[in-house]
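What follows is a set of notes on a single structure, which appears directly below.
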């Protein structure tokens, strides 16, 4: 399904994303989705756009990446009537976990998932807010695969077309869907 921005409100959704220069460090332009989440109309639009894309597909579980992927992913899992699995920053999950370390555009981090979170052969929808370098999403993909899951698709609100993340994810054989692309002008 292709969304026409003027009909579906995607261009208006883009305008709700707040840009914060030099955060979390000098030289980074942070794209803040909290204005979208604070608006009942735009939050509903966001969840509905993803729901319409995935409601006809066989998705067994939605996995959300810490932290904004939790918000979108949990709402989407509810709409799709499937379970939700959090992929959290290291040290935040209380049960037996596996972990994956990755590089960020401004450092390094580790994410974890419970060892029993994904059943072998499960079709998993992986959700985050944006794709920049792709490190977080690829770490999530690796964790899901290590547990025997199949990443049916990865999705995010925003893809930075001028950074290698989306291309790297697709090159790893993971279908990727984003509502918006940032070519440096968004």
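Residue numbers (our numbering): 2 to 187.
Each residue gets a CB set at the ideal place from its N, CA and C atoms; glycine is no exception.
Taking the Cβ atom as the reference point for each residue, do residue 144 and residue 183 lie within a distance shorter than 7 Å?
Not in contact: residue 144 and residue 183 (Cβ atoms no closer than 7 Å).
Quick check on the DSSP output: what are the complete alpha helix (DSSP H) runs of length 4 or more inside the stretch 68 to 151, in order along the chain?
Restricted to the stretch 68 to 151, the alpha helix (DSSP H) segments that are unbroken, complete and at least 4 residues in length are 69 to 81 and 136 to 147, listed in chain order.
With residue 70 and residue 128 assumed to form a contact (beta carbons below 8 Å), what rounded beta-carbon distance in angstroms separates them?
Indeed, because the Cβ distance is near 5 Å, the residues count as touching under 8 Å.
Check the C-beta distance from residue 164 over to residue 123 and give it rounded, since I have them as a contact under 8 Å.
Their Cβ separation, rounded to whole angstroms, is 30 Å, which puts residue 164 and residue 123 out of contact at 8 Å.
For residue 230, which residues of its own chain have a beta-carbon under 7 Å away from its beta-carbon, when the five flanking residues on both sides are left out?
Coverage of the chain is limited to positions 2 through 187, which leaves residue 230 absent and any answer about it impossible.
When the distance is taken between beta carbons, is residue 55 closer than 7 Å to residue 14?
Contact flag unset, no.
Member of 116, 111, 161 and 35 whose CA lies at the smallest distance from the CA of residue 66
Relative to residue 66, the option among 116, 111, 161 and 35 whose CA is nearest is 111.
Separation of residue 92 from residue 152, as counted between CA atoms
Approximately 24 Å between the Cα atoms of the pair.
Could you tell me if residue 171 is buried or exposed, where buried requires 16 or more neighbouring beta carbons within 10 angstroms of its beta carbon?
Exposed, since its Cβ has fewer than 16 Cβ neighbours within 10 Å.
Identify which residue in 137, 16 and 139 has its Cα closest to the Cα of residue 47.
It is 16.
Spatial neighbours of residue 142 within its chain, please: C-beta separation below 8 Å, excluding the five flanking residues on both sides.
So the list reads 127, 152, 155, 170, 173 and 175, once near-sequence residues are dropped.
With DSSP as the reference, identify every bridge partner of residue 183, one or two as the case may be.
161.
What separation, rounded to the nearest whole angstrom, lies between the Cα atoms of residue 28 and residue 147?
The straight-line gap from Cα to Cα measures roughly 35 Å.
Given residue 68 as reference, the closest of 100, 120, 104 and 35 once Cα atoms are compared
If we check each option's Cα against that of residue 68, 35 comes out closest.
Would you kindly report the start and end of the unbroken beta strand (DSSP E) that includes residue 175?
Element bounds for residue 175: n/a, residue is neither H nor E.
So the alpha helix (DSSP H) residue 22 belongs to, where does it begin and stop?
In this chain, residue 22 is not harboured by any alpha helix (DSSP H); it is covered by the beta strand (DSSP E) spanning 19 to 22.
Go ahead and pull the three-state DSSP assignment for residue 27.
Secondary structure at residue 27: coil, using DSSP grouped into helix, strand and coil.
What is the DSSP secondary structure of residue 65, reduced to helix, strand or coil?
Note: residue 65 maps to strand in three-state DSSP.
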